[in-house]
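Down below is the structure, laid out as structure tokens.
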Amino acid sequence: MGLLRLMALAALASQPGVAGGAETIGNSSVGITEFSVGKFRYFKLSRPFPEEAILRNISSNVTFLIFQIHSQYQNTTISFSKTFLPSTSATGTDKGLVFILRPEQSMCFWYMEALDAEPVQNVAIPLSYSERDPIPGGCNLEFDLDIDPNIYLEYDFFETTIKFAPANLGYARGTESPPCDIKTGQDTRWRLLYDVYQYFLPENDLTEEALLKHLQRMAEVPHVTANAIKVVTLTANDKTSVSFSSLRGQGVIYNVIVWDPVLNTSAAYVPTHTYACRLEAMEGSCSSLGRASTKVFFTLFALLGFFICFFGHRFWKTELFFIGFIFMGFFFYILITRLTPIKYDVRLILTAVAGSIGGIFLVAAWWRFGILTLCMLCVGLVLGFLISSVTFFTPLGNLTIFSNDDVFWVTFSGIAVLIPVVFMSCLRMLNILACGFVGSYSVVLAVDSYMYTSLSYITLNVLKRALSTHFRSAFTNVPFQTNEQEEGRERNIDRPPLQAPNQGYVKKINTN
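Position 203, counted from 1, in the sequence shown is what this note's numbering calls 341; the numbers after and before it change by one each time, with no gaps.
Right, dumping it as structure tokens:
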């Protein structure tokens, strides 16, 4: 058993950053899967027996390597030994192990096991690093593994949060690892920096093939820096936790590159992915984004909005009902969501009732008092709300100053109020613009209840910020992809492009 444990603490080898294409499954001997450094391998795991893996001919200049394995939604366990203990194994859809190599070691073993009854399709790769490269998760104090290169991901309706263990400096074979927290000088791990990257999968593509293919672009340092968006750089003094806006039904891959500014070396953590929904769920799954109540609500809302978009200026009272519905419904939904535990479907019904009352009230106010300025003020505020939302959907909203709630809401309200003030001398133009923009955007919201669309987050991000006090610290990136862009990504899937595609905005915030 002691010999088995020694062999289990080993790893795979080659030059750092070697790019390799995907390999087909193949065994060097019966019951053993053989891997090559820098080469992706597709294979299936089945219960109930663990499968042994081997890496041979490890180069002498390799001091540690990271083996990582990925699946779409079924968990896989990898372990240093056949005994799958929490301290020597990792379980999940995106997991990895760090193998610290002993002097003269040129071969290592590990074990893989599927937890589900159905066969699990996986893609895996071993990556090698030298003694100058930092070790991802080398100063782990929070998670089970002694050295943990994994990124831990959690999500809810509002946010997706990733966490990872701090890295340590690299060291030669047969020597002691540098201490993590005894000193904080430039000769310790406190000089290391962490670049957090985000990569969007093709929109509305939930296939296993697409995920496993694009994960190949997020495993190695050169590929990550060439293809993904660098969201933020953390120092060793920052919390190793970053939050993003959850994009339900949109595949996103995250990774962290730790780099040593003194030696100019780097290493990649194990990438992780999410769709912010459950692929295997029978109801409310990723393939059915909107609830029945949501689809009914926004479909009816879009039909009215479509009519207002083209004919609202001629049907004045219908437009007033539409504007009053939005005005009252939006604030009422925020109020009951924050103050009551009522279920979503009930909240939506009550919002429809409150919005209808608001629409009727605005029509009645016009019928009884006939004050055009008051009615147009409401129309202008709704248009101002949409324009203000669009403004913060652009890079302007990514400024660090707007992570402060007071600054954000004062600026947001100021832009919304400015619109009716500017157009008050030209009410006809204000009314036509409001009908066109607000009416057409209601159709976008209806489409989002049936399939993913990035444009819905123009207003959804504002709603999230109003409902969640923690959302102010989240990065609000969304993908912007064209058919031509996706075709180019597919053609270059096996090699990094010269520059990263324009996939979204980056919001820079203070992560302290």
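All residues carry an ideal CB built from backbone N, CA and C; glycine is no exception.
Inter-residue CB distance, residue i and residue j (contact presumed, cutoff 8 Å)
i: Ser384; j: Asp294; result: 7 Å
i: Ser381; j: Ala612; result: 4 Å
i: Tyr590; j: Glu189; result: Not quite, the Cβ-Cβ distance comes to about 36 Å (not below 8 Å), so this is no contact.
i: Ser209; j: Gln259; result: 6 Å
i: Gly275; j: Ile285; result: 5 Å
i: Thr412; j: Ser527; result: About 25 Å; that fails the 8 Å criterion.
i: Ile273; j: Val408; result: At roughly 13 Å, the Cβ-Cβ gap does not stay under 8 Å, so Ile273 and Val408 are not in contact.
i: Ala252; j: Arg185; result: 6 Å
i: Val359; j: Tyr335; result: Not really, about 10 Å apart at Cβ, beyond 8 Å.
i: Val261; j: Tyr211; result: At roughly 14 Å, the Cβ-Cβ gap does not stay under 8 Å, so Val261 and Tyr211 are not in contact.
i: Cys424; j: Leu510; result: Not quite, the Cβ-Cβ distance comes to about 47 Å (not below 8 Å), so this is no contact.
Beta-carbon proximity check, residue i vs residue j, cutoff 8 Å
i: Phe436; j: Ala584; result: yes
i: Ile391; j: Thr363; result: no
i: Leu183; j: Met250; result: yes
i: Leu235; j: Gly176; result: no
i: Ala430; j: Asn393; result: no
i: Ser587; j: Phe296; result: no
i: Phe202; j: Ile216; result: no
i: Thr371; j: Tyr332; result: yes
i: Ala414; j: Arg452; result: no
i: Phe469; j: Leu442; result: no
i: Gly522; j: Leu556; result: yes
i: Ala406; j: Ala357; result: yes
i: Phe338; j: Pro533; result: no
i: Ile196; j: Leu223; result: no
i: Val501; j: Leu565; result: no
i: Thr231; j: Lys301; result: no
i: Lys233; j: Ile207; result: yes
i: Phe271; j: Thr403; result: Contrary to the premise, residue 271 reads as Asp rather than Phe in this sequence. Yes, they are a contact pair.
i: Ala440; j: Val548; result: no
i: Ser541; j: Arg610; result: yes
i: Glu269; j: Ala310; result: yes
i: Met514; j: Leu568; result: yes
i: Thr538; j: Ile553; result: no
i: Leu291; j: Thr410; result: yes
i: Asp254; j: Leu330; result: no
i: Phe218; j: Thr226; result: yes
i: Leu114; j: Val576; result: A question about residue 114 goes unanswered here, because the residues of the chain that appear run from 139 up to 650.
N-terminal and C-terminal residue of the beta strand (DSSP E) that residue i is part of
i: Glu256; result: Counting along the chain, Glu256 falls outside any beta strand (DSSP E), and DSSP gives it neither H nor E.
i: Leu331; result: 331-338
i: Leu372; result: 367-373
i: His608; result: Taken as a continuous stretch (DSSP letters only), His608 belongs to no beta strand (DSSP E), as it is neither H nor E.
i: Leu193; result: 189-193
i: Ile300; result: 297-302
i: Ala305; result: Note, Ala305: premise wrong, no beta strand (DSSP E); not H, not E.
i: Leu183; result: 178-183
i: Thr215; result: 214-217
i: Ser404; result: 403-406
i: Glu172; result: 170-173
i: Asn393; result: 390-398
Residue-level contact to chain C via CB, residue i, 8 Å cutoff
i: Phe550; result: Chain labels in this structure do not include chain C; a single protein chain is all it has.
Range covered by the alpha helix (DSSP H) that runs through residue i
i: Trp328; result: Trp328 -> no alpha helix (DSSP H), and no H or E assigned at all.
i: Met567; result: 565-586
i: Tyr595; result: 595-605
i: Ser431; result: 430-449
i: Val616; result: Val616 -> no alpha helix (DSSP H), and no H or E assigned at all.
i: Gly234; result: Not the alpha helix (DSSP H): Gly234 falls in the beta strand (DSSP E), residues 232-238.
i: Leu556; result: 543-561
i: Leu350; result: 346-353
task: Could you tell me whether the region 290-307 touches the region 344-353, where touching means 3 or more Cβ pairs closer than 8 Å?
output: no
field: Cβ contact (3+ pairs, closer than 8 Å) linking the region 517-528 and the region 563-582
entry: yes
field: Residue ranges of each alpha helix (DSSP H) within the region 478-527, 4 or longer
entry: 482-507
message: Tell me whether the region 476-486 and the region 502-511 touch, counting them as touching only if at least three CB pairs, one residue from each stretch, are closer than 8 Å.
response: no
query: Are three or more beta carbon pairs between the region 457-474 and the region 483-501 nearer than 8 Å?
result: yes
query: Which runs of the beta strand (DSSP E), 3 residues or longer, sit entirely within the region 247-293?
result: 258-267, 289-293
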